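Working notes, beginning with the structure itself.
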Amino acid sequence: MTVFSLIIINKAGGLIYQREFQPGLRKLSTNDYLVLAGTFHGVHAITRTITPKLPYLATTPASNTSTTTSSTPTSATALASPSGTTTPIPNTTSTAATYMYPIPGVAATGLDSLETDKFRLTCFQTLTGTKFLLFTDPHMANVEPVMRKIYEFYADFVMKNPFYQLEMPVRCEAFDRNLNGWLRGRT
Amino acid sequence: MSYYFTILSPTDVPLFNIAFGTSKSGGDGIARFRFPDTAQYMNQFIIHSSLDMVEEAQWMNGNMYLKHIDTYPPASAYISAFLTPSGARFLLLHQPPQLPSTAASASGTSGSILGGSFSASALGGGSSRASASSVAANPTSPQTEEAVRQFMGEVYENYVKTVMSPFYRQGMEIRSSVFRSRVTAAGRKWL
Amino acid sequence: MAQPPRHAAMLSLSNSNSNSNSNSNSNLSTASDSRQPAHLATASHSSTGLRVPSNRKTIYDRHLNRSRNAELSRASFAFLFAEMVTYAQRRVTGIQDLERRLNEQGYPLGLRLLDLLFYRTISGSTSSALSSSSSTSASPPNRPLRILPLLHLIHGPLWRLLFNRPADALEHSVSPDTPNEYMITDNDPLVNTYISVPKEMSMLNCAAFVAGIIEGVCDGCGFEAKVTAHNQPTEMWPGRTIFLLRFGESVMEREKVLERAGVK
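Residue numbers (the UniProt record's numbering), protein chains in the order written: chain A, 1 to 187; chain B, 1 to 191; chain C, 1 to 264.
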């Protein structure tokens, strides 16, 4: 049940938070962390783009007019449409109108987790595009509740703090204190 | 009985005032003061002159309702006071209607003597409109005190509602016509 | 299709917002109404430009105890307070200036709360919410005349009204030089729950807003005072805050007079 460290990346791919939770863990240099955050951000975007898509077998030829999308009853059309601004699919191209995701109605999420035999990296992306990367023991089960609690702390002690500026590095003493206290209480 | 009610801010700025008459025992709710119509400012004079008494009583008595605190014998005007915790003063001047006996007894300085003579006159002659009601005729009787207390309590409730309005700042004149009609209704109900 | 109803709803909203003071063109100015017959006062209700909400309910028709036991979302308060701090932070010259602005935001609240608190104590005669105050359920509470009852009022009923619990400590300054100083301690002020003050502003305590509320209550009761909020963290309570109340000269003089007069 070991949580090694946490990284938070803002929606532009910048590193805004990095903490280790195990004493004496070897640290990378600040620059390396920044590169790591930017690289992961790029890889995450690529994984979304390369999500396989199936050909969309529509009875009516898929048109590229934007007005039809909101009135079509199937969500698949809305998802695959290039003008579906309400659905979070950033990688739609003009040819995507005739393709759809394997499970219609579910947007591509991109990289969820990355596992080696020494550690597991779990990625959680909020609705606003902030990414939480959690480095844990590969044998640790139930990463999901830990992630959810971290998100809760973030929503409470970062987003409700009048001195926090959006997209800027997180320097909130109450966030650190509560996060550390909670993680220590778990082990 | 005629009434003149005023609300003063802690710094003695008049926030609200209204004149009305009794509605008990056939009263028509119209104020009939003893001063000529050209001398209505007398009410304000008398009420403001009682402020010294209020400020003296304010720190000796922790109640919000200070009861009858001042009398102005020449006009047989009685003043009851109510203090809100935030320092606003509610002052009610009540003046019994002119009676033949009033002029004689008004020379007495003590309110209780006056009150005694009034209740006596109320018991004696039942024909006149004012003397038919014991509440209206006797400004210092327990019934009157209780009626004034109820009146003040009801005004206080509406005052708190005014104060809680986000558009009201302390010390602002209360100009709401709803408030005015509420005070009028309270007067009709209790006085 | 959805346009007309939405518009109507907005209209009624704006009505309800302005009902409390939109009657400025009332024909009853205070200077003249003593000369007017009283019955005009009631008649004017319909003739003024007063706009009443569509459901005909003004603030005077709502009961003051309606929200007595209502609960407020902590998150929405936190967001609101965060915006208040951000607002106060605009064009400030320093930390003291920021604290002063927060204090000024709280001050009018204190004045209002005082009246509301007493009203609720009178009307809610069960007095369970105010059991620690000296008042009995039958008689209305007394206005505080001395410093100690005032402090108990703040420590108990006011804190319960605001935060649903009493404050954690009430102390008198031990120094003989400052007999006019009192301290109220809150181990974990609600307003600071989600706030982390940056290191370069470590002196700042956003509970200055609460200090302003206390100051409003003291001033409203006729106790001139300056109230400030200070950080005093402990291992157990990192957000512990002390509210320092400094009463003015006039209050201390009156206190001596009242003590001699035997007023409690």
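Quick reminder that beta carbons are idealized off the backbone N, C-alpha and C, glycines included.
Just so it is clear, the structure is predicted and the values come from calculations on it, not from any experiment.
Tell me which residues share the same chain as C:VAL92 and place their Cβ nearer than 8 Å to its Cβ, disregarding the 5 neighbours each side in the sequence.
LEU98 and ARG101
Which residue marks the beginning of the beta strand (DSSP E) containing C:VAL251, and which one marks its end?
It is not in any beta strand (DSSP E) - C:VAL251 instead sits in the alpha helix (DSSP H) that spans 249-261.
Return no unless some Cβ of chain A is closer than 8 Å to the Cβ of C:PRO238.
yes
Using a beta-carbon distance below 8 Å, is C:LEU64 in contact with chain F?
Going by chain labels, chain F is absent from the structure shown, which instead holds the protein chains A, B and C.
B:VAL13: which of B:THR140, B:LEU91 and B:TRP190 sits nearest, CA to CA?
B:LEU91
Using a beta-carbon distance below 8 Å, is B:GLU146 in contact with chain C?
no
Are the beta-carbon atoms belonging to B:ILE46 and B:TYR72 less than 8 Å from one another?
Between B:ILE46 and B:TYR72, the gap from beta carbon to beta carbon is short of 8 Å.
Contact defined as beta carbons within less than 8 Å: I believe C:ALA211 pairs with C:ALA229. What is the distance between those atoms, to the nearest angstrom?
4 Å
Is the stretch 152-168 of chain C in contact with the stretch 111-130 of chain A, if contact means three or more CB pairs nearer than 8 Å?
no
Boundaries of the alpha helix (DSSP H) in which C:LYS226 is found, first to last residue
Note, C:LYS226: premise wrong, no alpha helix (DSSP H); beta strand (DSSP E) at 225-231.
At least 3 beta-carbon pairs within less than 8 Å: the stretch 194-214 of chain C vs the stretch 100-117 of chain C:
Taking one beta carbon from each stretch, the stretch 194-214 of chain C and the stretch 100-117 of chain C have 3 or more pairs nearer than 8 Å; the two touch.
Cα-Cα separation, A:LYS160 to A:ARG171:
The C-alpha of A:ARG171 is placed about 13 Å away from the C-alpha of A:LYS160.
Check this for me: beta carbons of C:ASP186 and C:THR241, under 8 Å apart or not?
yes
Interface positions of the stretch 118-129 of chain A facing chain C (Cβ-Cβ less than 7 Å), listed along the chain:
Cβ contacts with chain C come from no residue of the stretch 118-129 of chain A.
To test your reading of the DSSP string, which unbroken beta strand (DSSP E) runs of 3 or more residues are found completely within the stretch 179-236 of chain C?
Fully enclosed beta strand (DSSP E) runs of 3 or longer: 181-186 and 225-231.
Neighbouring residues, chain C, relative to A:GLU173 (Cβ below 7 Å):
SER196
Chain B contact residues for C:PRO108, given Cβ-Cβ distances below 8 Å
The contacting residues are ARG169 and GLN170.
Residue burial classification, C:VAL257 (beta-carbon count within 10 angstroms, cutoff 16)
exposed
Would a C-beta distance cut-off of 8 Å place C:ARG120 and C:ASN69 closer than the cut-off?
no
What are the boundary residues of the alpha helix (DSSP H) that A:ASP176 is part of?
173-186
Tell me which residue opens and which closes the beta strand (DSSP E) that A:THR136 is part of.
131-136
Members of the stretch 70-85 of chain C that neighbour chain A once the beta carbon cut-off is set at 7 Å:
So the close ones are ALA78, PHE79, ALA82 and VAL85.
Between the Cα of B:PHE5 and those of B:PHE82, B:MET164, B:ARG34 and B:PHE167, spot the shortest distance and give me the residue it belongs to.
Among B:PHE82, B:MET164, B:ARG34 and B:PHE167, the Cα nearest to that of B:PHE5 is on B:PHE82.
Through-space distance from B:ASN138 to B:GLY27, alpha-carbon basis
So the two alpha carbons sit approximately 15 Å from each other.
Can we say the stretch 172-182 of chain B touches the stretch 82-89 of chain C, given the rule of at least three CB pairs closer than 8 Å?
No: the two stretches stay apart, fewer than three of their Cβ pairs being nearer than 8 Å.
Among A:LEU183, A:ARG184 and A:ALA174, which residue has its Cα nearest to the Cα of C:PRO198?
A:ALA174
Cutting at 8 Å between CB atoms, please list the residues of its own chain near C:LEU170, excluding the five before and the five after it.
The answer, listed in chain order, is LEU151, HIS152, HIS155, TYR182, MET183, ILE184 and THR185.
Within 8 Å, strictly: CB atoms of B:PRO96 and B:SER76
Yes; because the gap between Cβ atoms is below 8 Å, this pair is in contact.
Cross-chain neighbours of C:TYR119 in chain B, by beta carbon under 8 Å:
TYR156, GLU157 and VAL160
Cross-chain neighbours of C:ARG112 in chain B, by beta carbon under 7 Å:
VAL163 and MET164
On the premise that A:PRO162 lies in contact with C:THR86, defined as a C-beta separation below 8 Å, what is that separation, rounded to the nearest angstrom?
5 Å
Can you pull the DSSP bridge partners for A:PHE124?
A:PHE132
Per-residue contacts from B:PRO85 into chain C (C-beta, under 7 Å)
Simply LEU114, ASP115, PHE118, ARG143, GLY220 and CYS221.
Roughly how many angstroms separate the alpha carbons of C:ALA88 and C:VAL227, rounded to a whole number?
18 Å
Rounded to the nearest angstrom, what separates A:ILE183 and A:PHE4 at their Cα positions?
Correcting the residue type first, residue 183 of chain A is Leu in the shown sequence and not Ile. Rounded to the nearest angstrom, the two C-alpha atoms are 11 Å apart.
Just to confirm my understanding: we take B:SER50, look at its own chain, exclude 5 residues before and 5 after, and list those with CB closer than 6 Å. What are they?
ASP70 and ILE79
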